[in-house]
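The block underneath contains the structure these notes are about, expressed in structure tokens.
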Amino acid sequence: MQMQSPVVLSGSEKLPLLVIGNSKQPRAFKNKEIPVKYKATSKAWMTAEIFEEMLQTWDGQLGQQNRKVLLCLDNFSGHPSDVHLDNIQMLFFSPNTTANSQPMDQGIIQNLKHHYKKLLLSRRLEAMDEENEFKFTLLDSLHVARRAWEQVSELTIKNCFAKAKFIEEEIQIEPEDAELLEIWKALPPEEKTHENETIELFDFLSADDRLVTGGSFTLEEKAKEVMHNEGGK
45 MQMQSPVVLS GSEKLPLLVI GNSKQPRAFK NKEIPVKYKA TSKAWMTAEI
95 FEEMLQTWDG QLGQQNRKVL LCLDNFSGHP SDVHLDNIQM LFFSPNTTAN
145 SQPMDQGIIQ NLKHHYKKLL LSRRLEAMDE ENEFKFTLLD SLHVARRAWE
195 QVSELTIKNC FAKAKFIEEE IQIEPEDAEL LEIWKALPPE EKTHENETIE
245 LFDFLSADDR LVTGGSFTLE EKAKEVMHNE GGK
């Protein structure tokens, strides 16, 4: 599962979160209201088709608001450059641009994951305290993802644009998340062990930093993707 959403430089506006999973019609969704935009591909990857659909929807909304925006993007195969848009101008980073120049990679994505995992741990600890079985469905994860996205602050977003040199403003120090530290300390040792090795909080928070969230499909994979979409699974 991966989460995506454009943000405004000032941090004052965030688009609704888009979550991409690999199950097209999850059982947990039956007769339920979905708290975020949800799409599915066989690998839970962002694709050009999903991205274009998202842009076209946003472009229509901007037209109704009589607004124009500049959207900065990296050169990823899931970001097509030939999309006709009336209210969005796409500006692509140079192919050799480092992550240091990309605001999302300067802490916005990391902060979203940080809040998500804190909320997940909080629910786990609550279930243990109440001696209940811990259940966490895909629908639960979407509710948590939405809350996590709401908690990504305006200050965090502005700081990340400043780090990427989009704006010349002094980066403001954000307070350490004491609540997360307390939750981690409250978890019993067996909850922080994997293959007989103790997991540190930093390792838990950064465990999926290198997770592949997009790429080019081979011809065989494209065929499987078509079957996946037609099968509705």
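Counting from 45, one number per residue, gives the positions in the sequence shown under our numbering. Every residue gets a Cβ at the ideal spot worked out from N, C-alpha and C, and that includes glycine.
Item	Value
Nearest candidate by alpha-carbon position, reference residue 52, set 214, 183, 152 and 217	152
Proximity test, residue 46 beta-carbon vs the ligand COA heavy atom, cut-off 7 Å	As presented, the structure is devoid of all ligands, the ligand COA included, so that no description of it is given.
As assigned by DSSP and simplified to three states, the class of residue 65	strand
Distance CB(residue 221)-CB(residue 162) smaller than 8 Å	yes
Touching by the beta-carbon criterion (3+ pairs, under 8 Å), the stretch 95 to 110 and the stretch 63 to 79	no
Close Cβ partners of residue 87 (< 7 Å) along its chain, the five nearest in sequence each way excluded	66
Nearest residue (CA-CA) to residue 204, options 245, 178 and 156	156
Segments of 3+ residues assigned as beta strand (DSSP E) that fall wholly inside the stretch 45 to 94	46 to 48, 62 to 65 and 81 to 84
Counted within 10 angstroms of its Cβ, other Cβ atoms place residue 202 as buried (16 or more) or exposed	buried
Assigned exposure category for residue 138 - 16 Cβ within 10 Å defines buried	exposed
Whether residue 133 touches residue 114 by CB criterion (8 Å)	yes
Helix, strand or coil at residue 188 according to DSSP, with G and I counted as helix	helix
Coarse secondary structure for residue 132, derived from DSSP in three states	strand
Host beta strand (DSSP E) of residue 115 (start-end)	113 to 117
Residues of its chain near residue 61, where Cβ-Cβ distance is below 8 Å and the 5 sequence neighbours each way are ignored	47, 48, 49, 80, 81, 189, 190 and 193
Residue 238, DSSP secondary structure in three states	strand
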